[in-house]
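Enquirer: Quick one: structure below, then a few questions.
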Amino acid sequence: MPELPEVEVTRRGIAPHLVGRAIAAVAVREPRLRWRIPASVRSLAGCVVRSVRRRGKYLLLDCGDGHLILHLGMSGSLRLVAPGTIPGKHDHFDLAVGNKILRLRDPRRFGAVLWTTEPPEAHALIRHLGVEPLSTAFNAGSLHALARAQRTSIKQFLMDGRRVVGVGNIYASESLFLAGIRPQTRAGRLSRARSAKLVDAVKSTLRAAIKAGGSSLRDFVGSDGAQGYFQQCAWVYDRAGQDCRRCGTPIRRVVQGQRATYYCPVCQR
Ligand SMILES: [Zn+2]
Numbered sequence: 002m003p004e005l006p007e008v009e010v011t012r013r014g015i016a017p018h019l020v021g022r023a024i025a026a027v028a029v030r031e032p033r034l035r036w037r038i039p040a041s042v043r044s045l046a047g048c049v050v051r052s053v054r055r056r057g058k059y060l061l062l063d064c065g066d067g068h069l070i071l072h073l074g075m076s077g078s079l080r081l082v083a084p085g086t087i088p089g090k091h092d093h094f095d096l097a098v099g100n101k102i103l104r105l106r107d108p109r110r111f112g113a114v115l116w117t118t119e120p121p122e123a124h125a126l127i128r129h130l131g132v133e134p135l136s137t138a139f140n141a142g143s144l145h146a147l148a149r150a151q152r153t154s155i156k157q158f159l160m161d162g163r164r165v166v167g168v169g170n171i172y173a174s175e176s177l178f179l180a181g182i183r184p185q186t187r188a189g190r191l192s193r194a195r196s197a198k199l200v201d202a203v204k205s206t207l208r209a210a211i212k213a214g215g216s217s218l219r220d221f222v223g224s225d226g227a228q229g230y231f232q233q234c235a236w237v238y239d240r241a242g243q244d245c246r247r248c249g250t251p252i253r254r255v256v257q258g259q260r261a262t263y264y265c266p267v268c269q270r
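To convert, count from 1 in the sequence shown and add 1; that's the working numbering.
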């Protein structure tokens, strides 16, 4: 599933080819994604893309009259292809911009292409999203305040998109290892000092994944760059029974909120 780093890598890959350029044509080959692609997107032809932003795992294309909201769902990817490139079976949506085509491939069709004429931050899918982990708004003070009185585990808290957006299972596990925090720790019991450590760990983990994804990109497909990186370098994720890379103790696996969590019982307290 595309995670925040892959969406950010996609954003950085496509933005230079879209911003300041006019949309020449729109093609909808299969409107039945997670939600039906609205017919109104066809009238985007002629609009100039002003910016390509990201909020959580949503990409927001400012088209002047409104915003195109894109989500990659479970299996989606965006790539830039040359005009005339024959679409594959799962290539459901095209935006012809400048001398390129931005093409959405989504085999499982859980992705989304939506249109809003309101500020995208007010959209029903976006307004409840939590703090952006790579923004300055995510800091020791804000995390400590958000987590205060929360009875849930810090792992589940981190993965709750209404609190902090886009920290998936891999990134939560890896960040908690880097911060030396046991995943079962109650969120409300996290000290300010440990909140600061966790903030640094989350940011550095996500940045490393973005960097790895960016360097392994071809055609700006945010597919599995981050995943490849973590398969090779993960501290704890998916390493149950293997030796901790720091202290040699076997990594443990537990299930929290129906998701697997991996941690070192010595390094994480
Ligand atoms: Zn260890």
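Idealized CB from N, CA, C, for every residue including glycine. Quick caveat: nothing in here was measured; it's all calculated off a predicted structure.
Kindly indicate which three-state DSSP category VAL166 falls into: helix, strand or coil?
Expert: coil
Enquirer: Given GLN228, which residues of its chain have a CB within under 7 angstroms of its CB, disregarding the five upstream and five downstream residues?
Expert: Below a pLDDT of 50, predicted positions are generally treated as unreliable, and GLN228, at 49, falls in that range; no measurement from the model is reported.
Enquirer: Can you tell me where the alpha helix (DSSP H) holding HIS145 begins and where it ends?
Expert: 141-148
Enquirer: So for TYR264, helix, strand or coil by DSSP?
Expert: Three-state DSSP puts TYR264 in a strand.
Enquirer: Do VAL267 and ligand 1 come close, with the Cβ less than 7 angstroms from some heavy atom?
Expert: yes
Enquirer: Nearest CA to the CA of TYR59: which residue from GLN257, VAL50, ARG193 and LEU73?
Expert: Here the closest residue by C-alpha is LEU73.
Enquirer: Hey, out of GLN157, GLY77, ASP95 and VAL165, whose CA is closest to ALA138's CA?
Expert: VAL165
Enquirer: Between ARG247 and ligand 1, is the CB less than 7 angstroms from at least one heavy atom?
Expert: Yes, Cβ of ARG247 sits closer than 7 angstroms to a heavy atom of ligand 1.
Enquirer: Throw me the rounded Cβ distance for the ARG104 and PRO84 pair, which I believe falls under 8 angstroms.
Expert: With a Cβ gap of about 11 angstroms, ARG104 and PRO84 do not count as contacting.
Enquirer: Is it right to say GLY242 is buried, meaning 16 or more other beta carbons lie within 10 angstroms of its own, or is it exposed?
Expert: exposed
Enquirer: For ligand 1, is there a heavy atom less than 7 angstroms away from the beta-carbon of THR262?
Expert: no
Enquirer: Is ARG12 near ARG80, with beta carbons less than 8 angstroms apart?
Expert: no
Enquirer: Does DSSP put ILE38 in a helix, in a strand, or in coil?
Expert: coil
Enquirer: Please confirm whether any heavy atom of ligand 1 lies closer than 7 angstroms to the CB of THR206.
Expert: no
Enquirer: For ARG106 and VAL27, I'd like the C-alpha separation in whole angstroms.
Expert: 15 angstroms
Enquirer: By Cβ distance below 8 angstroms, which residues in the same chain neighbour CYS86 in space, the five residues on each side in sequence not counted?
Expert: The identity of residue 86 in the sequence shown is Thr, whereas the question assumes Cys. So the list reads ILE102 and ARG104, once near-sequence residues are dropped.
Enquirer: Note down the Cα distance separating VAL267 from ALA180, rounded to an integer number of angstroms.
Expert: 13 angstroms
Enquirer: Report all residues from its chain with a CB closer than 6 angstroms to the CB of GLY258; omit the five preceding and five following residues, and keep chain order.
Expert: The answer, listed in chain order, is GLN157.
Enquirer: Taking contact to mean 3 or more Cβ pairs, one atom from each stretch, closer than 8 angstroms, check whether the stretch 242-256 and the stretch 34-46 are in contact.
Expert: no
Enquirer: What is the residue span of the beta strand (DSSP E) that ILE15 lies within?
Expert: Element bounds for ILE15: not the beta strand (DSSP E) but the alpha helix (DSSP H), 5-19.
Enquirer: Whose C-beta lies closer than 6 angstroms to the C-beta of LEU62 among residues of the same chain, with five residues either side of it excluded?
Expert: VAL50, VAL53 and LEU69
Enquirer: Rounding to the nearest angstrom, what Cα-Cα distance links LEU126 and MET75 in this structure?
Expert: Rounded to whole angstroms, LEU126 to MET75 spans 16 angstroms at the Cα level.
Enquirer: Below 7 angstroms, is the gap between the Cβ of THR117 and the nearest heavy atom of ligand 1?
Expert: no
Enquirer: Would you give the residue range spanned by the alpha helix (DSSP H) that LYS156 belongs to?
Expert: 155-160
Enquirer: If you measure between the beta carbons of ARG183 and ARG270, is that distance less than 8 angstroms?
Expert: yes
Enquirer: When you compare each of TRP116, ASN100 and ARG109 to ARG22 by their alpha carbons, which one comes out closest?
Expert: ASN100
Enquirer: With respect to the beta strand (DSSP E) encompassing LEU60, which residues constitute its N-terminal and C-terminal limits?
Expert: Residues 59-63.
Enquirer: Specify, as a first and last residue, the run of the beta strand (DSSP E) that HIS72 falls within.
Expert: Here the beta strand (DSSP E) through HIS72 covers 68-72.
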